[in-house]
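Order-wise, the sequence lines are chains A and S. To convert, take the position in the first sequence, counting from 1, and add 218; that gives the working numbering. To convert, take the position in the second sequence, counting from 1, and add 1189; that gives the working numbering. The beta carbon of each residue, even a glycine, is placed where N, CA and C say it ideally should be. Below: one structure, written as structure tokens.
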Amino acid sequence: VGLVRNGILLEGNVMYLNPAFDNRPRLDPQSVASLVGAFCDRASWMVTHVSQGLQSQLNCGKSQKEAWNNMLVELVRASESHCHYVVVKTFAEELEGVQDSGSRAILSSLCHLYALHGITQHSGDFMQAGVLNGEELEQVSKILRTLLSSLRRQAVPLTDAFDISDVQLSSVLGRHDGNVYNALYAWARTAPLNKSQVHESYDKYMKPLQKSKL
Amino acid sequence: MNPDIKKEREGPAFDVEAVTNLLDGGRDVTERRRQLEALVENDPEFLSQPLSFLSQSGRYDHAIKRCARMIQQIKKLGLTDPKDISLYKRAVFCGRPCPLDLHLGMFLPMLLNQATEDQLEHFFLPAWQCQIIGTYAQTEMGHGTFLRGLETTALYDPRTQEFVLNTPTVTAIKWWPGGLGKTANHAVVLAQLYTKGTCQGLNAFIVQLRDLETHAPLPGIIVGDIGPKFGFNDVDNGFLKLENVRIPRTNMLMKFAKVEEDGTYIRPPSDKLAYGTMVFIRALIVSEASYVLAKACTIAIRYSVVRRQSQQTPGAPEPQILDYQTQQHKLLPLLATTYAFHFIGNYVSKMYQNISESVDAGNYSQLNELHATSAGLKAFTTWIVVAGVETCRMACGGHGFSCASGLPELYTNSAPSCTYEGENTVMMLQTARYLMKC
């Protein structure tokens, strides 16, 4: 923000702070590119907003240290919005390099879901930044619900694609063959407390208690 | 196979193998990974009972036994490519932490990045062969992410050409490094350097902790395990108190900063260079975060198609719980997040590699960006992953609470990532500082 104020054009992940990024068209929740733009605008607004907050504190005579401390919560939110933008942008860019059309389609749906879910989780930020209004938020939620339903049938294959073997997963519930209940019972049977039918503590503590006259 | 899960796999809308290849970075990488995993999974020496049934000491013993076998096998199999070693190690420990993590992930890279040619010649081969087992002692009991606040001192004595190391207060005691408690015989110790009466700031020193024959702590070294923890039970996180420990001048890592024989200090070209290994680890943490979430999602989603609950239509079978929109809303965005974090993990790693090459060529201009990006993304991803694992656990109902699910262990082993290598809020504020400068 400091550099931009001095007329220096930024490159890389902070390019959105340049003035040229103003005046983006309204959000289209069906388009991943438009959603990336929304994350960019949210980050831009939040970073600039917190910078203005800092500046106004300094103008009121607060020291740099005081001003910084007074804005810590907002500074963390601004950083989060920046990171969120970088993640969404990287995911969307990654899709462009995917050659196999089936893989590209499913990853595109996941990217779409990731972005829409991020917007619903942080709708306040997007509204505050002027990227989103109530009507658009409703649209976002509607498309999100549709995506959940359409991805439901792909969920297990999408986890299979991680290709994590049963040994590596180390989970009875997550077994590849789905034979969860038999395995859960077998696992419990091998627990140390089941080494003997009667635990030694019975003779040591419970039996004397039961024999004692209270 | 359970009929419900079998049905889920009938006719996916995409080629599962193609996506696996894409995630691995190519078909040949998938094949290599599977080969290495098979080597571990078919090795009877690596068979074990469920770890949840072991005590803390039993788990450490089990982990060390695996470490020893792993190192022997790495040599026997002739694995030299760091990617192969990393895949093999992940397979041996199923992604869990191990007592040699800091030796392999920080001590060796620290030598490679910060040691002079002479130092490499002296330390690297013995370290590679595990005669020297190192750790990275930075964090102190009373000081964490704020490195300038560290209290450990290294006073240069030009008369003997030695550094005298001390942890002058209780709060200065080194605290938490993996492998420090019982495993390591050396450590890279971060200390405030004093020479010619002036504090020159934080520098890194190689300190021998234990005798190479008996493994007993050396004079002036008080070292041990910090005790039971929330998770990480395979690892001996340790404490280290230094009482007038003398090390030769040549044990300061001097690729960038230097202390000459008369005590003259030569500053490094960039202050950020001292944090290079930490930045490397933060990049790894981002990739690892995605793997943890992949495991949690795999467990919760597979279970959600096996588990049936309630009755929507009288007389009809109970629906699979993944058919409920609430379950989809809990799990599918996390599945998407796993993929997003996989790609961002690759992105940070590439960024680290590219900028490291620039640094090697003497260009330090992008270090600030790397530092800010890796710090922010480390915080961003680990916060979400830890919360995500907990969501997956709760999505498995009561069975998620059982260690059999694997989810409690995933949670307790991923939770520290929010605090190690930089507490997350502090990391976010470092990113904020960079953004404000921009």
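Taking the Cβ atom as the reference point for each residue, do residue i and residue j lie within a distance shorter than 8 Å?
| i | j | result |
| --- | --- | --- |
| residue 377/A | residue 1532/S | no |
| residue 1410/S | residue 1398/S | yes |
| residue 1283/S | residue 385/A | yes |
| residue 1343/S | residue 1422/S | no |
| residue 1624/S | residue 250/A | no |
| residue 1495/S | residue 1436/S | no |
| residue 246/A | residue 349/A | no |
| residue 1431/S | residue 1341/S | yes |
| residue 293/A | residue 1618/S | yes |
| residue 1255/S | residue 374/A | no |
| residue 1514/S | residue 1584/S | no |
| residue 248/A | residue 324/A | no |
| residue 1331/S | residue 1360/S | yes |
Cutting at 7 Å between CB atoms, please list the residues of its own chain near residue i, excluding the five before and the five after it.
| i | result |
| --- | --- |
| residue 1417/S | 1245 |
| residue 1458/S | 1445 and 1553 |
| residue 222/A | 228, 235 and 236 |
| residue 1216/S | 1210 |
| residue 1486/S | 1520, 1523, 1524, 1527 and 1581 |
| residue 1460/S | none |
| residue 1447/S | 1455 |
| residue 1295/S | 1325, 1466 and 1470 |
Nearest to residue i by alpha carbon, out of the options?
| i | options | result |
| --- | --- | --- |
| residue 1300/S | 1382/S, 1279/S, 1324/S and 1281/S | 1324/S |
| residue 1384/S | 1412/S, 1456/S and 1362/S | 1456/S |
| residue 1313/S | 1274/S, 1375/S, 1420/S and 1362/S | 1375/S |
| residue 1366/S | 1586/S, 1290/S and 1447/S | 1290/S |
| residue 371/A | 1512/S, 1561/S, 1570/S and 1204/S | 1512/S |
| residue 1137/S | 1424/S, 1571/S and 1207/S | In the structure as shown, chain S begins at 1190 and stops at 1627. Residue 1137/S is therefore absent and cannot be evaluated. |
| residue 379/A | 1382/S, 1271/S, 1443/S and 1480/S | 1480/S |
| residue 1196/S | 403/A, 396/A and 267/A | 396/A |
| residue 219/A | 244/A, 273/A and 373/A | 273/A |
| residue 400/A | 1191/S, 1254/S, 1306/S and 1518/S | 1191/S |
| residue 329/A | 254/A, 285/A and 426/A | 254/A |
| residue 1529/S | 1205/S, 1194/S and 1212/S | 1212/S |
| residue 1518/S | 365/A, 419/A, 421/A and 428/A | 365/A |
| residue 1373/S | 1381/S, 1405/S, 1360/S and 1358/S | 1405/S |
| residue 1462/S | 1388/S, 1442/S, 1453/S and 1595/S | 1442/S |
| residue 1200/S | 320/A, 269/A, 278/A and 427/A | 320/A |
Could you pull out every residue in the same chain whose Cβ sits closer than 6 Å to the Cβ of residue i, ignoring the five residues on either side in sequence?
| i | result |
| --- | --- |
| residue 1315/S | 1321 |
| residue 1259/S | 1281 |
| residue 1378/S | 1326, 1394 and 1396 |
| residue 1440/S | 1394 and 1395 |
| residue 1235/S | 1229 |
What does residue i touch in chain A if you count any residue whose Cβ is under 9 Å from its own?
| i | result |
| --- | --- |
| residue 1626/S | 219, 220 and 221 |
| residue 1234/S | Going along chain A, no residue has its Cβ under 9 Å from residue 1234/S, so there is no contact; the nearest lies around 14 Å. |
| residue 1614/S | 290 and 294 |
| residue 1558/S | 230, 231 and 232 |
Using a C-beta to C-beta distance shorter than 7 Å, which residues of chain S count as neighbours of residue i?
| i | result |
| --- | --- |
| residue 278/A | Those do not exist, as residue 278/A stays about 18 Å from chain S at its closest Cβ, beyond 7 Å. |
| residue 420/A | Ordered by position in chain S, no residue passes the 7 Å Cβ test against residue 420/A, which lies about 21 Å from the chain. |
| residue 312/A | 1532 |
| residue 374/A | 1194, 1197, 1198, 1490, 1491 and 1494 |
Which residues in chain S sit within 8 Å of residue i, going by Cβ to Cβ distance?
| i | result |
| --- | --- |
| residue 344/A | Ordered by position in chain S, no residue passes the 8 Å Cβ test against residue 344/A, which lies about 16 Å from the chain. |
| residue 224/A | Residues of chain S passing the Cβ test: none, with the nearest at roughly 11 Å. |
| residue 309/A | 1528, 1529, 1532 and 1533 |
| residue 412/A | The contacting residues do not exist; residue 412/A stays about 10 Å from chain S at best. |
Name the chain A residues that come within less than 8 Å of residue i, Cβ to Cβ?
| i | result |
| --- | --- |
| residue 1204/S | 318, 320 and 321 |
Show which residues of chain A have a CB atom less than 7 Å away from the CB atom of residue i.
| i | result |
| --- | --- |
| residue 1518/S | 366 |
| residue 1565/S | 297, 300 and 301 |
| residue 1617/S | 294, 297 and 298 |
| residue 1225/S | Within chain A, no residue comes near residue 1225/S; the closest Cβ sits about 11 Å away, beyond 7 Å. |
| residue 1492/S | 391, 392 and 398 |
| residue 1606/S | None at all; the shortest Cβ gap to chain A is about 15 Å. |
Please work out which residues of its chain come closer than 8 Å, Cβ to Cβ, to residue i, disregarding the five sequence neighbours upstream and downstream, and give them in chain order.
| i | result |
| --- | --- |
| residue 1226/S | 1276 and 1280 |
| residue 1230/S | 1280 |
| residue 1592/S | 1239, 1241 and 1598 |
What does residue i touch in chain S if you count any residue whose Cβ is under 9 Å from its own?
| i | result |
| --- | --- |
| residue 324/A | 1201, 1202, 1203 and 1208 |
| residue 244/A | In chain order: nothing, as chain S lies at least about 24 Å away. |
Spell out whether any CB of chain D is found under 8 Å from the CB atom of residue i.
| i | result |
| --- | --- |
| residue 1268/S | The structure shown contains no chain D; its protein chains are A and S. |
Contact the region 329 to 338 of chain A vs the region 1489 to 1499 of chain S: 3+ CB pairs below 8 Å: no
Check: Is there contact here, the region 1346 to 1359 of chain S with the region 1287 to 1302 of chain S, by at least three beta-carbon pairs under 8 Å?
Finding: no
For the region 310 to 329 of chain A against the region 1527 to 1544 of chain S, do three or more pairs of beta-carbon atoms, one drawn from each stretch, fall closer than 8 Å, so that the two count as touching? yes
Count Cβ pairs between the region 1469 to 1483 of chain S and the region 1604 to 1624 of chain S that sit closer than 8 Å; are there 3 or more?
yes
Segment contact flag, the region 291 to 305 of chain A with the region 1557 to 1576 of chain S, C-beta cutoff 8 Å, min 3 pairs: yes
- Task: State whether the region 398 to 409 of chain A contacts the region 1225 to 1242 of chain S, with contact taken as three or more CB pairs (one from each stretch) at a distance under 8 Å.
- Result: yes
Item to complete: Please determine if the region 388 to 397 of chain A and the region 1539 to 1559 of chain S are in contact, where contact requires at least 3 C-beta pairs separated by less than 8 Å.
Response: no
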